[in-house]
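Down below is the structure, laid out as structure tokens.
2 protein chains.
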Amino acid sequence: MKLDSEHLEILAAIVEQGGLTEGAEALGKSQPSVSRSMALLEARIGLPLFEPGRRPLRPTELGASLARLGSRIHRANKEASLLVQRYRQGLAGRLRVGGSPIFMDGVVASMIAEFQSRHADVQIDQSYGYLNQLEAGLRNGGLDVAILPLHPGQVPPDLEFTPLLSGNNVITCRAGHPLTRTRGITLNHIAPYAWIAPPIDSPLYRDLQRALKSIGQEDFRVNFSGGTLASIQSVLTGSDALTVLPYSVVFLSRRTIPLEALPLKIDHAERQLGILRVSDRQLPPAVRQLTTFLLAECQRLQARMDHDQQITRRRG
Amino acid sequence: MKLDSEHLEILAAIVEQGGLTEGAEALGKSQPSVSRSMALLEARIGLPLFEPGRRPLRPTELGASLARLGSRIHRANKEASLLVQRYRQGLAGRLRVGGSPIFMDGVVASMIAEFQSRHADVQIDQSYGYLNQLEAGLRNGGLDVAILPLHPGQVPPDLEFTPLLSGNNVITCRAGHPLTRTRGITLNHIAPYAWIAPPIDSPLYRDLQRALKSIGQEDFRVNFSGGTLASIQSVLTGSDALTVLPYSVVFLSRRTIPLEALPLKIDHAERQLGILRVSDRQLPPAVRQLTTFLLAECQRLQARMDHDQQITRRRG
DNA sequence: GAGCTTCATAGCATGACGCTATATTACGGC
DNA sequence: GCCGTAATATAGCGTCATGCTATGAAGCTC
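Order-wise, the sequence lines are chains E and D. Residue 583 is where the first sequence ends in the working numbering, and the numbering goes up by one at each step. Residue 583 is where the second sequence ends in the working numbering, and the numbering goes up by one at each step.
Below is the structure:
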């Protein structure tokens, strides 16, 4: 025979409060209501839960034992309510973010760190991938959101894209690179240097091709490729090699790594770094929290980058 | 906002069974019923518990977390049902038995030991007292049952008395006592010996007085008094002192302690050892179990005593 | 895409639970 | 031992959750 958990919780309240009336009050119910609940419970188990003829109602041995279990149930139930509440506020839950490697490493990861310091109970599973993989992940539920640079026209109809940052690329080299002291850089100045390339299947690699083609350099020498941002940064700072990176990545990397963006205009796809998600699916609150947070952070970052570029332009 | 524990348990069942239909089956409910319960729960918390558009229903992160809590609730609830069941069968609970010291020590304790070996989860609180105390204990709920020798006419109207054993007393001495070799014992034979007396306020003390008076010995010498059965037994076996004890106590003591009952008829109150309890109060099942058990044990004991006395009589 | 499985919805009956008002019963003080 | 007070139980009524069967809708599998 199954007992009603609610009844056990009520019993626990009565025993803990030392009386039916107080118990009812603690539960926010009327006294007759809990009285009847206890009568029902007693009738079902067929045994007395309270000593008969005692006015501040006192539990029997069985009543006390059941009250302990009721208390356990109450705690679990309360924990459930709390979990829902925290989940609703985006303070709890698991969150699966996928994104293109360079952006994730160079821009998003530090923001996620900041986010997590505020939302300690949100567990974040980060993964890497390009458009196709990320789309698949979003559709099959393996990802909550994807973060990647995308052309507005590229967005599939069942997905929704929220831009975060402009996605313009720049030619990057180490600080103190000979080219940083060169005024009016041309193709001729660049030609001698070797290139660091991202993985061949990455959009960034195609960006690199396109950028170099746009400045007339069809054919280029690659002496390092395939690494993640950390490797690219290391090779970049340890050599005179050049590469193409999103400006935002360079901008943020400069806080800790001596990099420079060359003031050479290159063609770049009209892409924007942004958040891609399934449009009709209701996102977990933690995800909404994160997207809101990233949006705000990126707006600040964009403002700082714009400000910085104005100064650079004025100086340059 | 409070969640329905029942809903959480249902959720747990669904998640554990890997589907709504299986969950419903495991719970012994119809599929539509649990479906609606989950719809209600989802509506209340305002967040999805299951991945949308998945046919073997799969929980979301939140759903899975709540299911874990539901499982905890389920375990506690099941434990409660089990407790009730065992309690109802008299296999669990606490049981407070009070009784007159000599009987409790000499007869009841060993039976209780036997009872407890069969009902391991029954906790027994034993206490000692005479009629007045025991009555009070029964009435104020401090005792479940009392075990004592009582005259049928002495039973108060609100209490109920179930006889267990005849309460006749005998004069007792150590085995090998000079009197045991004496035929046709008279007052003169007994006169020289000192007496061991129970506590002065005990009915047994009055029995002793009465018994001795009935054989003409108004005035007797007490050289030990106030001890419990264990002490009385020790003094008895270590000296030639005499005492008056219920025959049942002597009978059972003989299994381990060398005592003899003198074949001297003495007057004794028409009392019977029995169980006293409040007549209108429903007793915990464990108590009923114990009383039934004691009844059976005492019947067997009575039969053995009767048998033994026939033999003794034939021999004597 | 056919067929099967799985889940959701509809409709109805029953029972539990909420409340207020009121009766009953134990406790404490004199 | 009685009385006032406090604590609990009962009565009566409306609402909502839950049980069921029958049936519709949507995924999954091959």
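Glycine residues also receive a C-beta, built at the ideal position from the N, C-alpha and C atoms.
Continuous beta strand (DSSP E) stretch holding residue i: start and end
i: residue 510 of chain D; result: 510-513
i: residue 433 of chain D; result: 426-433
i: residue 529 of chain E; result: Residue 529 of chain E -> no beta strand (DSSP E), and no H or E assigned at all.
i: residue 542 of chain E; result: 539-545
i: residue 391 of chain E; result: 388-395
i: residue 491 of chain E; result: 489-492
i: residue 360 of chain E; result: 359-366
i: residue 463 of chain D; result: 462-464
Inter-residue CB distance, residue i and residue j (contact presumed, cutoff 8 Å)
i: residue 412 of chain E; j: residue 558 of chain E; result: 6 Å
i: residue 314 of chain E; j: residue 363 of chain D; result: Incorrect: roughly 17 Å between the Cβ atoms, too far for contact.
i: residue 512 of chain E; j: residue 437 of chain E; result: 7 Å
i: residue 414 of chain D; j: residue 366 of chain D; result: 4 Å
i: residue 439 of chain E; j: residue 528 of chain E; result: 6 Å
i: residue 353 of chain D; j: residue 388 of chain D; result: 7 Å
i: residue 306 of chain D; j: residue 298 of chain D; result: Contact flag wrong, Cβ pair sits at about 13 Å.
i: residue 446 of chain E; j: residue 426 of chain E; result: Rounded, the Cβ-Cβ distance is 40 Å, inconsistent with contact.
Selected residue, minimal CA-CA separation from residue i, among the options
i: residue 300 of chain E; options: E/471, E/316, E/281; result: E/281
i: residue 323 of chain E; options: E/333, E/297, E/343, E/284; result: E/284
i: residue 270 of chain E; options: E/340, E/290, E/286; result: E/340
i: residue 333 of chain E; options: E/494, E/416, E/279; result: E/279
i: residue 459 of chain D; options: D/575, D/487, D/547; result: D/487
i: residue 265 of chain E; options: E/409, E/538, E/461, E/536; result: Residue 265 of chain E is absent from the model: chain E starts at 268 and stops at 583.
i: residue 435 of chain E; options: E/500, E/506, E/537; result: E/537
i: residue 262 of chain E; options: E/349, E/391, E/484, E/577; result: Residue 262 of chain E lies beyond the residue range present for chain E, which begins at 268 and ends at 583; the question has no answer from this structure.
i: residue 471 of chain E; options: E/544, E/493, E/505, E/453; result: E/493
i: residue 481 of chain E; options: E/574, E/453, E/294; result: E/453
i: residue 531 of chain E; options: E/456, E/543, E/404; result: E/456
i: residue 543 of chain E; options: E/448, E/399, E/567, E/517; result: E/399
i: residue 432 of chain D; options: D/272, D/416, D/444; result: D/416
i: residue 549 of chain D; options: E/402, E/316, E/372, E/564; result: E/316
i: residue 321 of chain D; options: E/408, E/568, E/521; result: E/408
i: residue 309 of chain D; options: D/295, D/286, D/275; result: D/275
i: residue 422 of chain E; options: E/570, E/450, E/546, E/384; result: E/546
Delimiting residues of the alpha helix (DSSP H) encompassing residue i
i: residue 284 of chain D; result: 272-284
i: residue 504 of chain D; result: 496-505
i: residue 382 of chain E; result: 376-385
i: residue 337 of chain D; result: 328-355
i: residue 303 of chain E; result: 298-312
i: residue 472 of chain E; result: 470-481
i: residue 407 of chain E; result: Residue 407 of chain E -> no alpha helix (DSSP H), and no H or E assigned at all.
i: residue 290 of chain E; result: 287-294
i: residue 438 of chain E; result: Looking at the DSSP string, residue 438 of chain E is not in any alpha helix (DSSP H); the run it does join, the beta strand (DSSP E), is 436-441.
i: residue 454 of chain E; result: 454-457
Distance CB(residue i)-CB(residue j) smaller than 8 Å
i: residue 478 of chain D; j: residue 491 of chain D; result: no
i: residue 526 of chain D; j: residue 442 of chain D; result: yes
i: residue 375 of chain D; j: residue 515 of chain D; result: no
i: residue 303 of chain D; j: residue 268 of chain D; result: no
i: residue 336 of chain E; j: residue 553 of chain D; result: no
i: residue 510 of chain E; j: residue 368 of chain E; result: no
i: residue 541 of chain D; j: residue 430 of chain D; result: yes
i: residue 551 of chain D; j: residue 328 of chain E; result: yes
i: residue 272 of chain E; j: residue 273 of chain D; result: yes
i: residue 468 of chain D; j: residue 397 of chain D; result: yes
i: residue 500 of chain E; j: residue 357 of chain E; result: no
i: residue 560 of chain D; j: residue 382 of chain D; result: yes
Near the ligand MN: residue i beta-carbon under 7 Å from a heavy atom
i: residue 419 of chain D; result: Of ligands this structure carries none, so the ligand MN is not represented either.
- Message: Residues of the stretch 306-323 of chain E in Cβ contact with chain D at a cutoff of 8 Å, in chain order, please.
- Response: 312, 313, 314, 315, 318, 319, 321
- Message: Counting only Cβ-Cβ distances shorter than 7 Å, please list the residues of the stretch 351-366 of chain E near chain D, keeping chain order.
- Response: 351, 354, 355, 360, 361
- Query: Using a beta-carbon distance cut-off of less than 9 Å, what residues from the stretch 369-382 of chain E approach chain D?
  - Reply: none
- What are the residues of the stretch 269-290 of chain D that lie near chain E, defined by any Cβ-Cβ distance shorter than 7 Å? 269, 270, 272, 273, 275
- Taking a cut of 8 Å between CB atoms, which residues from the stretch 331-345 of chain E lie near chain D? 332, 333, 336, 337, 339, 340, 343, 344
- Anything in the stretch 539-570 of chain E with a Cβ closer than 8 Å to a Cβ of chain D? List those residues in chain order, please. 548, 549, 551, 552
- Taking any Cβ of chain E, which residues in the stretch 396-430 of chain D have a Cβ under 9 Å from it, in chain order? 408
- Query: Using a beta-carbon distance cut-off of less than 9 Å, what residues from the stretch 440-473 of chain E approach chain D?
  - Reply: none
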